Amino acid sequence: YEALAASAGALRHRDLSTRRLEQRLERRAVPPAERARAVETLTRAGLLDDGRFARRRARALAARGYGDAAIRCDLERQGVDAELAAEALAKLEPERDRAVRLAATAGGAARAARLLARRGFGEDAIEAAASVAENG
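Residue numbers for the sequence shown follow my numbering, beginning at 2 and rising by one.
Right under this line is the structure:
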């Protein structure tokens, strides 16, 4: 019961991946069997869903101006498996389009390229966006 209550409390504040929730419960010294039961119960109830978590997190990071590599890295750090991360990225607006829009506010091709590289955009997206920034 303690694990379920702690899990529900954590999920009330924000969405978590299964792995992050398990780590929280482990830090609270919840026994493995109880952790597993809590995860299973919350998953069946639809409160814990790694696919939904990955899609929401990817959308939020893309909206904040991050590229696919940065988003993938963040999702993996959050405990999302590579397949779910790839599915979440596939549902986003194309990286090139996001890069072009972000580059338009960067003030020049060189600045745009540096900004996009820092934000985890791929080489193709950076080149396309820098070209648009340079040529207007």
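Beta carbons: idealized from backbone N, C-alpha and C, even for Gly. Predicted model only: the values in this text are computed from it and were never measured.
Following the continuous alpha helix (DSSP H) through residue i, name the residue where it begins and the one where it ends.
i      : result
Pro33  : Pro33 to Arg45
Phe54  : Asp51 to Ala64
Glu96  : Glu96 to Ala104
Val133 : Glu124 to Asn136
Leu86  : Leu is not the amino acid found at residue 86; the sequence shown has Ala there. It spans Ala83 to Ala91 - the alpha helix (DSSP H) in which Ala86 sits, taken as one unbroken run.
Leu26  : Thr19 to Arg28
Leu116 : Ala110 to Arg119
Leu76  : Asp69 to Arg78
How close, in whole Å, do the beta carbons of residue i and residue j come, if the pair is a contact with beta carbons under 8 Å?
i     : j      : result
Arg73 : Leu90  : 6 Å
Tyr67 : Gly121 : 6 Å
Asp50 : Val81  : So it is not a contact: roughly 11 Å between Cβ atoms.
Between the Cα of residue i and the Cα atoms of the options, which residue gives the shortest distance?
i      : options                         : result
Ala61  : Arg112, Asp50 and Asp75         : Asp75
Leu43  : Leu26, Arg65, Ala71 and Ser8    : Ser8
Ala46  : Ala114, Leu85, Leu12 and Arg112 : Leu12
Leu116 : Glu88, Arg15, Arg21 and Arg65   : Arg65
Ala71  : Glu27, Arg119, Glu3 and Pro95   : Arg119
Glu3   : Pro32, Arg15 and Leu17          : Pro32
Ala6   : Ala39, Phe54 and Ala129         : Ala39
Please report how far the alpha carbon of residue i lies from the alpha carbon of residue j, in whole angstroms.
i      : j      : result
Leu103 : Asn136 : 15 Å
Ala59  : Gly123 : 16 Å
Ala110 : Arg97  : 15 Å
Glu77  : Arg25  : 17 Å
Thr106 : Ala34  : 51 Å
Glu84  : Glu41  : 21 Å
Ala37  : Ala86  : 23 Å
Asp69  : Arg29  : 33 Å
Ala126 : Val101 : 8 Å
Arg99  : Ala63  : 8 Å
Arg112 : Leu17  : 35 Å
Glu152 : Ala131 : Residue coverage of the chain in this structure runs from 2 to 137, which leaves residue 152 outside it and unanswerable.
Arg21  : Gln79  : 6 Å
Leu48  : Glu128 : 41 Å
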